[in-house]
Structure formats: C-alpha cells, structure tokens
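J.: I have a structure I would like to understand better, so I am pasting it below and will then ask my questions one at a time.
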Amino acid sequence: KNKTRNYPSYNSIITYIDRIISRQKSSLLTIQSPVMSLRIISLLNSPPVVAIAGVATMAGLPFLDAALTSSASLSVLKTLNVAAFATNVAAVSVPGRLDGQQDTEMRKGSLNPTKPNAGKPSEESALLDESTTSAYSLDRSRTLINPSGWAFAIWGPIYLGEAAFVAAQLFASDASSIATLLPAVTAPFVAANVFQSLWCASFRPSYGVGWKKYVSVAMLAGTAYSLSLVHAGGCALMAANSTIPSYLILPMTVHFGWTTAATLVNLNGSLAADDSTSPTTLTAMGHSSALVATALGAGLTIAQSAPAYGLTLAWALAACADGMTKRIPARSSVEEETLSKAASVQRKLCLAGSAICAAAAAYAGVI
C-alpha cells in the first residue's frame, strides 16, 4: 500500500499521442505522394505549354547543332544523349495516352458498336482524365489509316536499338567510330527525344478540342524531322569515312521511318475525331496519306540508299492494309456506305505502296 506508482505525466501522454498522429500523417502522405505527383504533372501538361516547347525545340535545334559541332567535348555529347533518351523512356512510361487507352477498350469491346458496352470509357481513362471527355480518340470506324496492332511491335527493336546506341557511345573511346559520329548526330538526336516526350504529353484525351488535337501531330512530325537529320548526318559521314559502320544509325533510321508513318496515322485520326469532318474529306486524306507514304518510302530509300527506311514504310503500309480488313463499321449507315467503299480502295493503295517501298529497299540494298 505504501508503494508509490509512477504514472505517466500529462505532457508525456500528449507527446505520445502526437507521435502516433505524426506517423499516421507520414503514412498517408506516402500513399498520396504518387497521386499528387501525377496531379502536378497533369497541371504542367497544358496544350499551350507543350506547343510552345515544341516550337522552342524546333527553333533552337540549329543553334544547338552549331554549338555542339564546333566546341562541345565528347563527354558533353555523351551526357546529352543519355539524358535525352532517359527523358524519352520516362515520358513513354507515364500511363494515360490514347494508344494505351484504346488498346484496353478494344479488348473490352468499347470501340465496337456491335458490343453492348460500346462507347463506355474504361476505368483507366476515367481515373486518369477525370476532367475530360472521350471526344478525342482515333475513331477506328472513320479513319482510313489504321494499322493493325501487330505493327506496333516495331517499337521494341527501336527502343532496344537506341538503348544500345546510347550505351555504346557512353563507353566509347575518343578514337572509336561512334565518337566520330557523335558531333553530327547529337543535336538532332536530342531534339528527336524531346519531341517524342512532348508527343507522349499531348497524345491524351485532354487534347481533344479544336487545335489541341493537332499538337500531337506536330510533335510526331518534329520527331520524324529530327531523326531525318540524324539519318542524313550519319549517311554523310559514312560516305566520307568508310570505317564508320552503317549499323550505328540503323535504330534511328527505323525510328525515322516509323514516325513518318505515325505522323500520317495521327493526322488522319485527329481529323476522324471531329464529327464535322465529312466522309469525303476523310477518304481524300486517307488516300493521299497512302500515296505520300509510298512516295517518301520509295524516294528517300533510293536517294539516300537507305533500305531500312523503305522496309519500315513497307511494314507500316502493310499493317494499314491489314487494318482495313478489320475495321469497325461506322455507326451511321450512310457514312458506312461511303467509307466501306473507300476502305477497299485504301487497302489496295496500301498493299501497292508496301510492295513499292519493299522493292525500293531491295534496289537500294543491291546498289
């Protein structure tokens, strides 16, 4: 009875409670931090900002090229290439782009008017784009440039090849062939990766109104243009120095060919997303895109002795021809009558274009 018990003081109890509350808040912040990061990225990703960034990249490319070819050290060139490619890979990994969303909805039947859940957005699209509608989507029932899914397997070799290039140039000696190549290709390679990252930012449902639909088209065109400079610079050096192997720029040449085709796909999809675009306009754009792809594929392949470019366009056109055999019927019977006839012609144009590009590639490979 006479023993004294040491009860905790009032201050120690309050301190203990504060510690518990602090731990709970810390756990809550840990859970919410990825969500907050996505929200911050979403706020920064506005169409005017992305468009201005694209214009600035295009305007600054000649100045960057002049600076890097004249005075930059090899360590600077190597670092820029690694940083640009890493940025591209990080941008590609952010979910919510239209291509990923559409693949999910195709598997669920949401883009097929014959399925009961057609037109219903997926949970992913609703979560990632709460403030937008599905107004901007590459409407597979209207566009005539719609490659089959197997075509996109080409991204694997492209990214693996470019990753190998970036790794090889990072550890290359100053006297190596790849070191000789870097001053001519680093500036456009960096620009291509920046444009690809901006395309990843703009190919989303939030860019679905008015001029915003065409921001992603411009970013893909910028990617293709920058890669054309990589290809041209590499070819010029190889012509002057036979010790530089052609496989060093092969991944970028394939990337150049694929983004050439992808720009036309994106353009047709943006037009098809506008309900006011008539079937006649869509038909004209689809047919002319097939002809342009064929002309570029055959012309540049022969002019620059670039069989890889021609084969890439042949691959893309073959996928577009196959896509016309699997297209989803339009919801309007009147529109479907026009577009189904156009799809038959489009398939023939794409098959012919694929054969012509393949023949050009064979010819360039022989000569």
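Numbering (our numbering), first residue to last: 15 to 381. The C-beta atom is built at its ideal place from N, Cα and C for all residues, glycine as well. These figures come from a predicted structure and were not determined experimentally.
1. Please say whether Trp272 and Ile172 have beta carbons closer to each other than 8 Å?
2. Check whether the Cβ atoms of Ala218 and Gly68 sit closer than 8 Å, and answer yes or no.
3. Tell me which same chain residues have a C-beta within less than 6 Å of the C-beta of Leu446, skipping the five on either side of it?
4. Looking only at its chain, what residues have a beta carbon closer than 6 Å to the beta carbon of Cys249, apart from the 5 residues adjacent to it on each side?
5. Which runs of the alpha helix (DSSP H), 4 residues or longer, sit entirely within the region 246-312?
6. Please identify the residue among Ala357, Val306, Ser187, Thr339 whose C-alpha is closest to the C-alpha of Ile370.
7. For a cutoff of 8 Å on Cβ pairs, would you count Thr315 as touching chain C?
8. Beta-carbon within less than 7 Å of Pro265's beta-carbon, same chain only, minus the 5 sequence neighbours each way: which residues are those?
9. Using the Cβ count rule (16 or more neighbours within 10 Å means buried), how would you classify Ala298?
10. If distances are taken between C-alpha atoms only, which option among Gly324, Val359, Ser302 comes closest to Ala374?
11. Check whether the region 70-83 and the region 155-172 are in contact - that is, three or more C-beta pairs closer than 8 Å.
12. Please go through the same chain and pick out, in chain order, the residues whose beta-carbon is closer than 6 Å to the beta-carbon of Leu365, but skip the five residues on each side of it.
13. Out of Ala332, Ser256, Thr291, Ala276, point me to the one whose CA is closest to Leu363's CA.
14. With distance defined between alpha-carbon atoms, name the residue in Leu196, Tyr221, Val103 nearest to Ser60.
15. Just to confirm the assignment, what range does the alpha helix (DSSP H) spanning Asn59 have?
16. Once the 5 residues before and after Leu195 are set aside, which same chain residues still bring their CB inside 7 Å of it?
17. Considering just the uninterrupted stretch of the alpha helix (DSSP H) at Gly163, what are its terminal residues?
T.: Let's see:
1. Walking along the sequence shown from the start, residue 172 turns up at place 158. Walking along the sequence shown from the start, residue 272 turns up at place 258. Yes, these two residues count as a Cβ contact at 8 Å.
2. Reading the sequence shown from its first residue, position 204 is the one you call residue 218. Reading the sequence shown from its first residue, position 54 is the one you call residue 68. Note on residue identity: the sequence assigns Arg, not Ala, to residue 218. Result no, Cβ atoms of Arg218 and Gly68 do not sit closer than 8 Å.
3. Here the chain covers residues 15 to 381 and nothing more, so residue 446 does not appear.
4. In the sequence shown, the residue the question calls residue 249 occupies position 235. Same-chain partners within the cutoff: Gln318.
5. 264-286
6. Residue numbering aside, residue 370 sits at position 356 when the sequence shown is read from its first letter. Nearest option by C-alpha distance: Val306.
7. Checking the listed chains, one finds no chain C in this structure; it contains a single protein chain.
8. In the sequence shown, counting from the first residue as 1, residue 265 sits at position 251. So the list reads Ile172, Gly175, Glu176, Phe179, once near-sequence residues are dropped.
9. As a first step, residue 298 is located in the sequence shown; it is residue number 284 there, counting from the start. Looking at its Cβ environment, which holds fewer than 16 other Cβ atoms inside 10 Å, Ala298 is exposed.
10. Numbered from its first residue, the sequence shown carries residue 374 at position 360. Ranking Gly324, Val359, Ser302 by Cα distance to Ala374 puts Gly324 first.
11. No: fewer than three Cβ pairs fall under 8 Å.
12. Numbered from 1 along the sequence shown, position 351 holds the residue referred to as residue 365. Excluding positions up to five away in sequence, the list reads Ala335.
13. Counting from one through the sequence shown, the residue named residue 363 turns up at place 349. It is Ala332 whose Cα lies nearest to the Cα of Leu363.
14. Sequence index remark: in the sequence shown, residue 60 carries index 46 (1-based). In terms of Cα proximity to Ser60, the closest of Leu196, Tyr221, Val103 is Tyr221.
15. For the purposes of this step, residue 59 is taken as the residue at position 45 of the sequence shown. Note, Asn59: premise wrong, no alpha helix (DSSP H); not H, not E.
16. Working through the sequence shown from its first residue, we reach residue 195 at position 181. Gly248, Leu251, Ile258, Leu262.
17. Residue 163 sits at position 149 when you count from the first residue of the sequence shown. Gly163 -> no alpha helix (DSSP H), and no H or E assigned at all.
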